[in-house]
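Enquirer: Just so you know, we're using our numbering here: the sequence shown kicks off at 13 and counts up by one.
I'd like to ask some things about the structure below.
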Amino acid sequence: RCGLFLDDHIKAEHSLVSDVSWAEVKAFLEKDTTEDNEYIEGVYVCKHFVRDVINNAEAAGIRAGYVVVKFEDGTQHALICFNTTDRGLVFVESQGSDRIIFMEVGGNYIFNLWGLEDRESKMSIMRPGIISSIDIDWGN
């Protein structure tokens, strides 16, 4: 139940942020330490992880999207996306450890066991439930 849009997101001047390559996103994520923050139910949850990574990405000049995934059972989850110049839209889980997420409406929420590596053959379902919608807020 953490996938609500945030009012306290610090919006960057959009002329100062841009889409970058996957290598640049990956380098940023490897330096960003937001995933080391402690998850505290009701206080610091997925939407806060996402907000903090987006603010850090925008401070680094990288455009990032706030994603809300809704499931058929009524639950929802927040994560990040980047519209990379070479790979297109890439979804990233920002809490715990950074991982590439594979998902589509009508399907499952699947994460890459190899984190940010390109080993798509090693995947596992992260959470049960069928995705009913995926909404992206680019902040503009």
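Here a beta-carbon is modelled for each residue, glycine too, at the ideal position from N, C-alpha and C.
These numbers come from a predicted model, not from an experiment.
For E47 and E53, what's the separation of their Cα atoms in angstroms?
Expert: As a working mapping, residue 47 is identified with position 35 in the sequence shown. As a working mapping, residue 53 is identified with position 41 in the sequence shown. Spanning the two alpha carbons is a distance of roughly 15 angstroms.
Enquirer: Give the straight-line distance between the Cα atoms of G100 and I113, rounded to the nearest whole angstrom.
Expert: Here residue 100 is taken as the residue at index 88 of the sequence shown, counted from 1. Here residue 113 is taken as the residue at index 101 of the sequence shown, counted from 1. For G100 and I113, the distance between alpha carbons rounds to 13 angstroms.
Enquirer: Take N152 as the anchor and find which of Y78, T96, S33, N68 has the nearest alpha-carbon.
Expert: Position 140 of the sequence shown, counted from the start, is the residue given in the question as residue 152. The shortest Cα separation from N152 among Y78, T96, S33, N68 belongs to Y78.
Enquirer: Hey, quick one: how far does the alpha helix (DSSP H) through E7 stretch, first residue to last?
Expert: Because the chain here runs from 13 to 152, residue 7 falls outside it and cannot be looked at.
Enquirer: Taking 8 angstroms as the cut-off, decide whether the C-beta atoms of I74 and V32 are in contact.
Expert: What you label residue 74 is simply residue 62 of the sequence shown in a count that begins at 1. What you label residue 32 is simply residue 20 of the sequence shown in a count that begins at 1. Cβ distance < 8 angstroms, so I74 and V32 count as in contact.
Enquirer: For Y56, which residues does DSSP report across the bridge?
Expert: Indexing the sequence shown from 1 puts residue 56 at position 44. DSSP lists I52 as partners of Y56.
Enquirer: Quick check: D44 and V62, are their CB atoms within less than 8 angstroms of each other?
Expert: Taking the first residue of the sequence shown as 1, we reach residue 44 at position 32. Taking the first residue of the sequence shown as 1, we reach residue 62 at position 50. No. Outside cutoff.
Enquirer: Flag this pair as yes or no: are the beta carbons of A93 and I148 separated by less than 8 angstroms?
Expert: The residue labelled residue 93 in the question sits at position 81 within the sequence shown. The residue labelled residue 148 in the question sits at position 136 within the sequence shown. It should be noted that the sequence gives Cys, not Ala, for residue 93. It is a contact, given that the beta carbons lie within the stated cut-off.
Enquirer: Please identify the residue among K38, H89, A72 whose C-alpha is closest to the C-alpha of G141.
Expert: Counting from one through the sequence shown, the residue named residue 141 turns up at place 129. Comparing Cα positions, the closest option is H89.
Enquirer: If you run the structure through DSSP and keep just helix, strand and coil, what is R63?
Expert: Residue numbering aside, residue 63 sits at position 51 when the sequence shown is read from its first letter. The answer is helix: DSSP assigns R63 an H, G or I state.
Enquirer: For E116, which of F83, Q107, A71, D98 has the nearest alpha-carbon?
Expert: Locating residue 116 in the sequence shown gives position 104, where the first residue counts as 1. For E116, the nearest C-alpha among the options comes from F83.
Enquirer: In terms of residue numbering, what span does the alpha helix (DSSP H) encompassing V37 cover?
Expert: Within the sequence shown, numbered from 1, the residue matching residue 37 stands at position 25. First-last of the alpha helix (DSSP H) with V37: 34-43.
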